[in-house]
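Scroll down for the structure; my scribbles are underneath it.
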Amino acid sequence: MSDLPTAEEMLGNVKHRPPSTDWMDVPAEIRRGIACYAGNPKSLELLGHPNPRTWSCFDDDWQLPENWQQIIHEGFKERLEKFRSFKVFMDICVRCGACADKCHYFIGTGDPKNMPVLRAELLRSVYRNDFTRVGKLLGKINGARPMNYEVLKEWWSYLFQCSECRRCSLFCPYGIDTAEITIMGRELLNLLGLNIDWIVTPVANCYRTGNHLGIQPHAFKDMLDFFSDDLEEITGIRPEPQFNKKGADILFVTPSGDVFADPGTYTAMGYMMLFHFLQEKYGLDVTWSTYASEGGNFGFFTSHETMKRLNAKMYAEARRLGVKWILGGECGHMWRVIHQYMDTMNGPADFLEMPVNPITGTAFTNAASTKMVHIAEFTADLIKHGKLDLDPSRNDHLKVTFHDSCNPARGMGLFDEPRYVINKTCKHFYDMPENSIREQTFCCGSGSGLNAGEDMELRMAGGLPRASAVKTVRDRHGVNMMACVCAIDRAVLPDLMSYWVPEVDVTGVHELVGNALNLAGQHERTMNLRSEELAELQGTAEDTEGQTDE
Amino acid sequence: MNKRYILSLIAVVVLFLIAYLGVEAVPASKWLFGILIPYVALIVFVAGFIRRLLSWSRSAVPFAIPTTGGQQKSLKWIKPSTIDSPSSKSAVFIRMLLEIVTFRSLFRNTRMKLKEGRVTYQLEIFLWVGALAFHYAFFTVLFRHLRFFTHPTPLPVQLVENLDSFFRMEIMQDFIQIGVPGVYLSGLVLLAAVTYLFLRRIFIGNVKYISLASDYFPLFLIFGIAFTGIMMRYVLKTDVAAAKELTMGLVTFRWSIPGNVSSIFFVHLFFVSVLLAYFPFSKLMHLGGIFFSPTRNMRTDTRAVRHVNPWNYPVNVHTYEEYEDDFRDKMIEAGLPVDKMPEPQEASAEDEEPAAKPEEPEAGAADAATAPEEKE
Numbered sequence: 001m002s003d004l005p006t007a008e009e010m011l012g013n014v015k016h017r018p019p020s021t022d023w024m025d026v027p028a029e030i031r032r033g034i035a036c037y038a039g040n041p042k043s044l045e046l047l048g049h050p051n052p053r054t055w056s057c058f059d060d061d062w063q064l065p066e067n068w069q070q071i072i073h074e075g076f077k078e079r080l081e082k083f084r085s086f087k088v089f090m091d092i093c094v095r096c097g098a099c100a101d102k103c104h105y106f107i108g109t110g111d112p113k114n115m116p117v118l119r120a121e122l123l124r125s126v127y128r129n130d131f132t133r134v135g136k137l138l139g140k141i142n143g144a145r146p147m148n149y150e151v152l153k154e155w156w157s158y159l160f161q162c163s164e165c166r167r168c169s170l171f172c173p174y175g176i177d178t179a180e181i182t183i184m185g186r187e188l189l190n191l192l193g194l195n196i197d198w199i200v201t202p203v204a205n206c207y208r209t210g211n212h213l214g215i216q217p218h219a220f221k222d223m224l225d226f227f228s229d230d231l232e233e234i235t236g237i238r239p240e241p242q243f244n245k246k247g248a249d250i251l252f253v254t255p256s257g258d259v260f261a262d263p264g265t266y267t268a269m270g271y272m273m274l275f276h277f278l279q280e281k282y283g284l285d286v287t288w289s290t291y292a293s294e295g296g297n298f299g300f301f302t303s304h305e306t307m308k309r310l311n312a313k314m315y316a317e318a319r320r321l322g323v324k325w326i327l328g329g330e331c332g333h334m335w336r337v338i339h340q341y342m343d344t345m346n347g348p349a350d351f352l353e354m355p356v357n358p359i360t361g362t363a364f365t366n367a368a369s370t371k372m373v374h375i376a377e378f379t380a381d382l383i384k385h386g387k388l389d390l391d392p393s394r395n396d397h398l399k400v401t402f403h404d405s406c407n408p409a410r411g412m413g414l415f416d417e418p419r420y421v422i423n424k425t426c427k428h429f430y431d432m433p434e435n436s437i438r439e440q441t442f443c444c445g446s447g448s449g450l451n452a453g454e455d456m457e458l459r460m461a462g463g464l465p466r467a468s469a470v471k472t473v474r475d476r477h478g479v480n481m482m483a484c485v486c487a488i489d490r491a492v493l494p495d496l497m498s499y500w501v502p503e504v505d506v507t508g509v510h511e512l513v514g515n516a517l518n519l520a521g522q523h524e525r526t527m528n529l530r531s532e533e534l535a536e537l538q539g540t541a542e543d544t545e546g547q548t549d550e
Numbered sequence: 551m552n553k554r555y556i557l558s559l560i561a562v563v564v565l566f567l568i569a570y571l572g573v574e575a576v577p578a579s580k581w582l583f584g585i586l587i588p589y590v591a592l593i594v595f596v597a598g599f600i601r602r603l604l605s606w607s608r609s610a611v612p613f614a615i616p617t618t619g620g621q622q623k624s625l626k627w628i629k630p631s632t633i634d635s636p637s638s639k640s641a642v643f644i645r646m647l648l649e650i651v652t653f654r655s656l657f658r659n660t661r662m663k664l665k666e667g668r669v670t671y672q673l674e675i676f677l678w679v680g681a682l683a684f685h686y687a688f689f690t691v692l693f694r695h696l697r698f699f700t701h702p703t704p705l706p707v708q709l710v711e712n713l714d715s716f717f718r719m720e721i722m723q724d725f726i727q728i729g730v731p732g733v734y735l736s737g738l739v740l741l742a743a744v745t746y747l748f749l750r751r752i753f754i755g756n757v758k759y760i761s762l763a764s765d766y767f768p769l770f771l772i773f774g775i776a777f778t779g780i781m782m783r784y785v786l787k788t789d790v791a792a793a794k795e796l797t798m799g800l801v802t803f804r805w806s807i808p809g810n811v812s813s814i815f816f817v818h819l820f821f822v823s824v825l826l827a828y829f830p831f832s833k834l835m836h837l838g839g840i841f842f843s844p845t846r847n848m849r850t851d852t853r854a855v856r857h858v859n860p861w862n863y864p865v866n867v868h869t870y871e872e873y874e875d876d877f878r879d880k881m882i883e884a885g886l887p888v889d890k891m892p893e894p895q896e897a898s899a900e901d902e903e904p905a906a907k908p909e910e911p912e913a914g915a916a917d918a919a920t921a922p923e924e925k926e
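Quick mapping for you: the protein sequence lines, in order, are chains A and B. Heads up: the first sequence begins at 1 in my numbering, then just goes up one per residue. Heads up: the second sequence begins at 551 in my numbering, then just goes up one per residue.
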């Protein structure tokens, strides 16, 4: 990653002035730093996806099937009939431009084709040519063009520069959702075997081993055992997580990223502490699954069908284990899939019960049909009823802000639950400026499967608006920790912060919970979940407190 | 120069010439421009509009995908954002109503600027104001024109006329007399709004970049309609009674072309006809489309009530049994419960294969796992 421009260089290079050349005459440049590597044929084969072969997006020849234009045309037609969203969004855009500067990739790269309207026009231009008479008649002057190799490469390039965050859809007067257009476009590309490896290989892993990272059952258990070791050292108490347990009350599913890499691992430790606490104190029986060991769903970034194939495991496992309902961990797109797709795709979940928290008696009626509850809802309810023994002072050295992840924000509306939990587990909390939080939140820059290593320049550019907002609260309030409820965030935001806003670290909400939670019989807690000495941390925090706190 | 708007402008000028020169050179063509074309245009409009709505409604709505613009309804003590995250039918109705009547989403509009290395936002209200002004002025003008198709003129129309001409102004010169028929605000606002919407397409770089001929054409056409209308009323003083005789003839099917209707009237009518006929095949269909937008017209109670996908079909999944077959030995060794214990005799023979398989995806997994480190 030595060719990654410095933050100053990147900022200096961003111009939001489009060229004078008509956009149709500007060919897409697929370049390193922005583009992701092509999918591994073994992964495509395992999934039964078409056209597995070794290829590279930097090659001239993408080794497409001979009739690829026909495949795209027919796939397009089929999707226009199957998805009203797609058809309506193809027809009604007036190109008012309200969406243009709402996209983080446009803000960060200045590339005009990253304006949501133009990203959609890439498909619309083909739609006009193939499916409307007026469009075909007037041709280029009216924004219609036939599908060809250059157009296909342009699609590839810009459909993998969209993180399906839906921020544009909030500002569009007709609710046109570029995520929907990107989803359709990626489905079409997948018909030709065009996917990026960072998506298709996790999908293949997830299909076979149960999670994106390809962690096999015994290894999954080993990893949680490691966390138990750490927790025993930190608290003096060893949680014993349960796996694949039949007859448990609740099945817990979370993204595998949290058992794999820091700082997500600390969030996983927070979950383990919480479940241990609830079992010891209230007898609540929660089980993890090694089969449904992935909350995330990179299938969502591939096709509706692939999403369904991966998601099916959650209900299947809940049925096999005979649990009452499912609890879901902190994850972004996972929750869009659960909230808006799962029940429709793989339900009805009539073999499960209406989710009720037996400890508080709260019935989660908002999940009456899907029967899956977000852990922020669950924990907020526990705290509200005073069921957790919390000592927030162990988080006193933190000045926390909260990053709303795109999908729980605009595909679910989860805003106040995590904020409540943070406020009850931390002393210092500061929201970022209004235009960058809640429904107007900005993407981390790496969503929808774009969190690869090779597209770092794109990721840093796309994360600029988020980083800029963090910088504001860092300078204003001395914020040193950004909380989030998304595993991809936890994986990518540390890089983004060290690039744009050093000194700000990243945490999951349940890491904060874990640090605050007292376990019965624990020894004196001198370390946080990161095994850092609290005395030292709080010492350094006090040094700066006078200047920064209000 | 930008070909897209020049060509649109030329198209509207040509349309003007066709109608103007047509009725000037061949008086009989007044029947064409005054009677036949308006009928054809209306039929095309209605049929085309309905056809488009039907084509949208024929497409399935497989998933409930509302954009949630506020707090969901979850725990009792957390206040939900009723309108922006509507969980009931009536709340969806209010959301849609506000969207259609006040352009609520557009009201959120902001303008981004990079300032000293920071992304900043400022209020950008002009597009919203311009769009509201345009649509309401257009609607008022349209409504006022009911005067030409009804007799006697209904009270609401008269009321709107009176409101519209609330601000009296008079300019009395030899060459121009404004104020003698009361000045309608809506016509002027419409003209101003259309001009603004055009100018922003020319002067805002990004908007210019995305604008197509089909974005300019309706603006020029509507400008032409408003302009010819205003000319007739205030400058050329077209005989309104004669014009009404013609338009009433259209409604009552007793067609007549009164001799003293000016040529500009036929141009006006022709422009309107073109707009009507063009409407269903253009982006102007956003008028109907907004009602069909799944990100706005669906409830957000998607976990509480199951949405049914009409084309949901079974897919290949990797079942737990297959999974356990792949990893049974490892699971047993790790102390994980299994559904099926291996049979002692066959164990060795059967084991070979599943044991060999994991190697490949594991390699893939390793790729995925090590890649994050590589970037460092």
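Quick reminder that beta carbons are idealized off the backbone N, C-alpha and C, glycines included.
{"Check": "Distance, Cα to Cα, B/E666 vs A/E8?", "Outcome": "11 Å"}
{"Check": "Using 7 Å as the limit for Cβ to Cβ distance, is B/R804 near chain A?", "Outcome": "no"}
{"Check": "I need the boundaries of the beta strand (DSSP E) containing A/M553, first residue and last residue.", "Outcome": "With chain A covering only 1 through 550, there is no way to say anything about residue 553 of chain A."}
{"Check": "Whole-angstrom Cβ separation of A/Y572 and A/V479, contact assumed at under 8 Å?", "Outcome": "Outside the displayed span of chain A (1 to 550) sits residue 572 of chain A, for which this structure offers no information."}
{"Check": "I need the DSSP call for A/M10, collapsed to helix, strand or coil.", "Outcome": "helix"}
{"Check": "Counting only Cβ pairs nearer than 7 Å, list the residues of chain A close to B/L557.", "Outcome": "I141"}
{"Check": "To the nearest angstrom, report how far apart B/H580 and A/G143 are at their CA atoms.", "Outcome": "One detail in the question is off: residue 580 of chain B reads as Lys in this sequence, not His. If you take the alpha carbons of B/K580 and A/G143, they lie about 35 Å apart."}
{"Check": "By the three-class DSSP mapping on this structure, what secondary structure does A/T507 have?", "Outcome": "strand"}
{"Check": "To which residues does DSSP link A/E533 through a beta bridge?", "Outcome": "A/M527"}
{"Check": "Taking B/D634 as the query, report the chain A residues whose CB atoms sit under 8 Å from its CB, ordered along the chain.", "Outcome": "E439"}
{"Check": "Around the Cβ of B/I556, are there at least 16 other Cβ atoms within 10 angstroms (buried) or fewer (exposed)?", "Outcome": "exposed"}
{"Check": "Closer than 7 Å by beta-carbon distance: list the chain A residues that pair up with B/I775, in chain order.", "Outcome": "Those do not exist, as B/I775 stays about 18 Å from chain A at its closest Cβ, beyond 7 Å."}
{"Check": "If you draw a straight line from the alpha carbon of A/L152 to that of B/I615, how long is it in whole angstroms?", "Outcome": "27 Å"}
{"Check": "Could you give the distance in angstroms between the alpha-carbon of A/S369 and the alpha-carbon of A/T267?", "Outcome": "28 Å"}
{"Check": "Could you tell me which whole alpha helix (DSSP H) segments of length 4 or greater appear in the region 31–106 of chain A?", "Outcome": "41–47, 68–82 and 84–92"}
{"Check": "In the structure shown, what three-state DSSP assignment does B/R645 receive?", "Outcome": "helix"}
{"Check": "Counting along the chain, where does the alpha helix (DSSP H) carrying A/Q279 start and finish?", "Outcome": "G264 to Y282"}
{"Check": "Alpha helix (DSSP H) containing B/Q708: first to last residue?", "Outcome": "L705 to D714"}
{"Check": "Would a check of beta-carbon distances place B/T852 closer than 7 Å to chain A?", "Outcome": "yes"}
{"Check": "Evaluate the contact criterion for the region 404–422 of chain A versus the region 157–166 of chain A: three or more CB pairs, one atom per stretch, below 8 Å.", "Outcome": "yes"}
{"Check": "Give me the Cα-Cα distance between A/N13 and A/P5, rounded to the nearest whole angstrom.", "Outcome": "10 Å"}
{"Check": "Near A/A535, which residues of its chain fall below 6 Å by C-beta distance, leaving aside the five closest residues on each side in sequence?", "Outcome": "none"}
{"Check": "Based on Cα-Cα distance, which residue from A/Q216, A/I237, A/Y127 and A/D229 lies nearest to A/M184?", "Outcome": "A/Y127"}
{"Check": "Apart from the five residues just before and just after B/R602, which ones in its own chain have a Cβ nearer than 7 Å to its Cβ?", "Outcome": "P830, M835 and G838"}
{"Check": "Can you pull the chain B residues whose beta carbon is under 7 Å from the beta carbon of A/F415, in chain order?", "Outcome": "Q621"}
{"Check": "So what does DSSP say about A/P5, is it helix, strand or coil?", "Outcome": "coil"}
{"Check": "If we ignore side chains and look at the alpha-carbon of each, how far apart do B/A561 and B/Y766 end up?", "Outcome": "10 Å"}
{"Check": "When burial is assigned at 16 or more other CB atoms within 10 Å of the CB, is A/E330 buried or exposed?", "Outcome": "buried"}
{"Check": "For A/Y341, name the three-state secondary structure that DSSP assigns.", "Outcome": "helix"}
{"Check": "Please report the distance separating the alpha-carbon of B/A899 from that of A/P255.", "Outcome": "Note that B/A899 has pLDDT 46, beneath the 50 cutoff, so the model's placement of it is unreliable and the number below is only indicative. Roughly 35 Å between the two C-alpha positions."}
{"Check": "I want to know whether the region 198–218 of chain A touches the region 264–283 of chain A - three or more CB-CB distances under 8 Å.", "Outcome": "no"}
{"Check": "7 Å is my cut-off, CB to CB: does B/K931 come that close to chain A?", "Outcome": "With chain B covering 551 to 926 only, the question about residue 931 of chain B has no answer from this structure."}
{"Check": "Please list the partners that A/N435 has in chain B, where partner means a Cβ-to-Cβ separation under 8 Å.", "Outcome": "T660 and Y671"}
{"Check": "From what residue to what residue does the alpha helix (DSSP H) around A/R186 run?", "Outcome": "T178 to L191"}
{"Check": "Would you list the residues sitting across from A/I326 in a DSSP beta bridge?", "Outcome": "A/L251 and A/M372"}
{"Check": "Using only the alpha-carbon positions, how far apart do B/L625 and A/R320 sit?", "Outcome": "29 Å"}
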